[in-house]
Amino acid sequence: MTSVSARWPLVARAALLFVTVFCAAAISIEATRGPLQIAPFWPTNALALVAALRLRLHDGRAQACAAIWGGCFLANLACGTPLVASAWFSTGNAIEVMVAHTVLRWRSEGSGATVPLIFQRLLPAALLAPAAGGLAGILGLAPSSLAGAATLWLSWWLPGVLGLLIITPFGLFVSRRRLAELFQRRRSWLAVVLTLVGVCIAVSAIALAHRLALLSLVIPVTVFAAARFRVVGVALVLGALSVAIAPFIAHPSFSSIDEPALRMILVQMFLVADGLAGLAMAVLLDERDALTRRLNAEKQRAADTAEQRMRLLTNVSHEIRTPLNAIRGCADLLASAGPMTTRQRDLAAAVSEATGQLQQLAAELLDSARFDRDVSIAPTCVEAGAAVNEALKTLRAASPCAQAAKIVVEAQGVVYVDPLRFQQVVTNLVSNAVKYAAAYGPIVVRVRVSDAAAALEVIDRGPGFSMERDEIFEPFAQRHPGSDSVGVGLSIVRQIVEAHGGSVAATSAPFVETRISAIFPNKDLAAPSTSDTIETVNPDEVF
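In my numbering, the protein residues as written are 1488 to 2030.
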């Protein structure tokens, strides 16, 4: 409708607004003729507001105001309203619609998409516009009315607020996509039926008992509608209740208040408060859903980025391993080819050591990429001391720094782990300690075994680490800023330990003690489970 109406001439759009206002006002006036002569809610101004917005009449405010005033004036005259009262009614309605239109247009300019539109647009307009229209209306109606100015103003303001809260959400916020999202949820039609049943129960109780206090039955229905259908549900419930409850208000036993008009005002005040609370709840739930969708999108984007990064690391690691093997092989051949000078032997050893470090880095990158997808383990009973010594033997063979470092082993007992993965954990933890703390004292590798778990600890006296304890195990985290380490060794340790069902921890006191621990559950060595046995209870101990 918006794209079509934007191309219509201004006169045609104003004429369509005039017809809309005339029809809505005439029907509303005829519908309120009865004992109360007060509308439970006034839909005319809300319909005029939606029509003015949809027809894009902000470029012709004077024409829109004239169309609204003329439609209301002719409708009042056609329904038998006196000339002067018709003029004042029309003036108040035109002011109300134009104030709401101004608030909505002003609130929408420069607003962020994350700000809830209900709070930003609808509620200020719904509360301010009827107040302004009511003030204009009672200026002309108060002298000829027996009711006080406050009662007249409330009789104008409350139906206007309800009308804007009921009609405007459909015109501004409802779309096919929005309705499709609401009804794509599980059991949406069941929720519709339950909402209708709740409305019927509340109205039936009020009709049968004629008690104002039974309006409290409306609250859970509104809450349920807001939770399931958001703004649309609240508007529907408010509209249904306003129409259904209005005929019973004239009954004398509905309240101890004698004046039916005052009883209607009380009911309207309750529905306004209930509607505002329901809309607030709907807005908060919508905002939560938007934040959840944004979080899920960010998580998916992060997962896609991590997948691309790991794919790149895998490809790069595979590609560099072949030339590294060739370089290291050539360096070893040169070292064993014949007599060499001291400088030549040092250069060959440096080449061999550098390629060894690069090969280890490539292996860690491959492990990190593989472990992000799956970590396969095959636990068995392993002698802790033998496994630690085997890992240190391999590390010393590959790293001259590890050969020069003083490493103390305190390991005994049997652990229930994957042998190769356990040795990899030892290698990564010790090589990390050698890299940063070999020059500050001995490195202690300790394994403590209990019935329930085995703790592998690597302790050094180095400078420790400058980040949080949990961050040190994150992929690509560096123990010290500016380090040449890629930072995947400790993340691999955590992945392997967690695959065993264990946990990792780190504590650091610079140049006193830095301790990194890996806890492996000794499931195979744990005490037999007694879950299948019958538990016996000694009453003397319990009581």
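Glycine included, each C-beta is placed from N, C-alpha and C at the ideal position.
Exercise. Skipping 5 residues on each side, what residues in its chain have a beta carbon closer than 7 Å to that of L1725?
Worked result: By one-based count along the sequence shown, residue 1725 stands at place 238. Beyond the five residues adjoining it in sequence on each side, L1725 comes within less than 7 Å, by CB distance, of L1649, L1652, I1653, L1758, G1762 in the same chain, given in chain order.
Problem set entry | Assumed close pair R1948, A1898 - CB separation to whole angstroms, cut-off 8 Å | Here residue 1948 refers to the residue found at position 461 of the sequence shown. Here residue 1898 refers to the residue found at position 411 of the sequence shown. Contact between R1948 and A1898 is absent: CB atoms are separated by about 19 Å, not below the 8 Å threshold.
Problem set entry | Residues bridged to A1940 [DSSP beta-bridge criterion] | Translated into the one-based positions of the sequence shown, residue 1940 becomes position 453. Note: A1940 is bridge-paired with P2008 in the DSSP secondary-structure output.
Exercise. What three-state label does DSSP hand C1868 in the structure shown?
Worked result: What you label residue 1868 is simply residue 381 of the sequence shown in a count that begins at 1. Three-state result, C1868: strand.
Problem set entry | Which of helix, strand or coil DSSP assigns to I1946 | Position 459 of the sequence shown, counted from the first residue, corresponds to residue 1946. I1946: strand per DSSP, three-state reduction.
Exercise. What is the DSSP secondary structure of E1961, counted as helix, strand or coil?
Worked result: Your numbering for residue 1961 matches position 474 in the sequence shown. Assignment of E1961 by DSSP, reduced to helix, strand and coil, places it in the coil class.
Problem set entry | Collapsed DSSP secondary structure at R1520 in the structure displayed | Taking the sequence shown and counting its residues from 1, one reaches residue 1520 at position 33. If DSSP states are grouped into helix, strand and coil, R1520 belongs with coil.
Problem set entry | Anticipated Cβ contact below 8 Å, I1894 with L1916, distance rounded | Mapped onto the sequence shown, residue 1894 falls at position 407. Mapped onto the sequence shown, residue 1916 falls at position 429. Contact check for I1894 and L1916: beta-carbon distance about 11 Å, past the 8 Å limit, so the pair fails to qualify.
Exercise. Can you tell which of A1574, A2005, A1554, Q1846 has its C-alpha closest to the C-alpha of A1813?
Worked result: Position 326 of the sequence shown, counting from 1, holds the residue named residue 1813. When each option's Cα is compared against that of A1813, the closest is Q1846.
For this session: Going by CA-CA distance only, name the one from A1764, H1588, F1711 that's closest to A1455.
Result: With the chain covering 1488 to 2030 only, the question about residue 1455 has no answer from this structure.
Exercise. Near L1534, which residues of its chain fall below 7 Å by C-beta distance, leaving aside the five closest residues on each side in sequence?
Worked result: The residue labelled residue 1534 in the question sits at position 47 within the sequence shown. These residues qualify, in order along the chain: T1507, A1511, I1654.
Problem set entry | Selection from F1909, Q1890, R1883 that minimises the alpha carbon distance to A1871 | The residue labelled residue 1871 in the question sits at position 384 within the sequence shown. Nearest C-alpha to A1871: F1909.
Problem set entry | For S1995: DSSP bridge partner residues | Translated into positions along the sequence shown, residue 1995 becomes position 508. Beta-bridge pairing links S1995 to T2001.
Problem set entry | Beta bridge counterpart(s) of V1904 as assigned by DSSP | Walking along the sequence shown from the start, residue 1904 turns up at place 417. Bridge partners of V1904: T1867.
Problem set entry | Coarse secondary structure for V1679, derived from DSSP in three states | On the sequence shown, position 192 is the one that residue 1679 refers to. The answer is helix: DSSP assigns V1679 an H, G or I state.
Exercise. With DSSP run on the structure shown, which of helix, strand or coil describes R1698?
Worked result: Taking the sequence shown and counting its residues from 1, one reaches residue 1698 at position 211. Three-state DSSP puts R1698 in coil, outside helix and strand.
For this session: Using alpha carbons as the reference points, say which of V1901, G1976, A1926 lies closest to A1940.
Result: Numbered from 1 along the sequence shown, position 453 holds the residue referred to as residue 1940. A1940 has its Cα closest to that of V1901, out of V1901, G1976, A1926.
Exercise. According to DSSP, is V1719 helix, strand or coil?
Worked result: The sequence position of residue 1719 within the sequence shown is 232, counting from 1. For V1719, the three-state secondary structure derived from DSSP is helix.
Exercise. By Cβ distance, which residues of its chain are closer than 7 Å to F1505, with the 5 residues on each side in sequence left out?
Worked result: The count along the sequence shown starts at 1 and reaches residue 1505 at position 18. Cβ neighbours of F1505 beyond the five flanking positions: A1554, G1557, G1558.
Problem set entry | S1978 versus E1985 - alpha carbon distance | Here residue 1978 refers to the residue found at position 491 when the sequence shown is read from its first residue. Here residue 1985 refers to the residue found at position 498 when the sequence shown is read from its first residue. Computed Cα separation, rounded: 11 Å.
For this session: Have a look at G1685, I1688, H1738 and flag the residue whose alpha-carbon is nearest the alpha-carbon of R1698.
Result: For the purposes of this step, residue 1698 is taken as residue 211 along the sequence shown, with counting starting at 1. Comparing Cα positions, the closest option is H1738.
For this session: Could you check if I1946 is buried or exposed, using at least 16 other CB atoms within 10 Å of its CB as the buried criterion?
Result: Counting from 1 along the sequence shown, the entry for residue 1946 is found at position 459. With 16 or more other Cβ atoms within 10 Å, it is buried.
Problem set entry | One or two residues paired with R1935 in a DSSP bridge | Here residue 1935 refers to the residue found at position 448 of the sequence shown. Looking at the DSSP assignment, R1935 forms a beta bridge with A1942.
For this session: Less than 8 Å between the CB atoms is what I'm expecting for I1993 and I2003, so what's the real figure, rounded?
Result: Looking up residue 1993 in the sequence shown gives position 506. Looking up residue 2003 in the sequence shown gives position 516. Checking the sequence, you will find Ala at residue 1993 rather than Ile. Sure, about 5 Å apart at Cβ, within 8 Å.
Exercise. Which whole-angstrom value is the C-beta distance of R1717 and D1773, which I expect to be below 8 Å?
Worked result: Walking along the sequence shown from the start, residue 1717 turns up at place 230. Walking along the sequence shown from the start, residue 1773 turns up at place 286. The pair is a contact, with the Cβ atoms about 6 Å apart (cut-off 8 Å).
Problem set entry | Residue interval of the alpha helix (DSSP H) (run including E1985) | Locating residue 1985 in the sequence shown gives position 498, counting from the first residue. It spans 1976-1986 - the alpha helix (DSSP H) in which E1985 sits, taken as one unbroken run.
Problem set entry | Exposed unless 16 or more other CB atoms sit within 10 angstroms - verdict on G1635 | Within the sequence shown, numbered from 1, the residue matching residue 1635 stands at position 148. Burial call: exposed.
Exercise. Are there 16 or more other CB atoms within 10 angstroms of the CB of V1936, so buried, or fewer, so exposed?
Worked result: Locating residue 1936 in the sequence shown gives position 449, where the first residue counts as 1. V1936 comes out buried.
Exercise. Any idea if K1922 is buried or exposed, counting beta-carbon neighbours within 10 angstroms, 16 or more meaning buried?
Worked result: Residue numbering aside, residue 1922 sits at position 435 when the sequence shown is read from its first letter. By the C-beta density criterion, K1922 is buried, having at least 16 other C-beta atoms within 10 angstroms.
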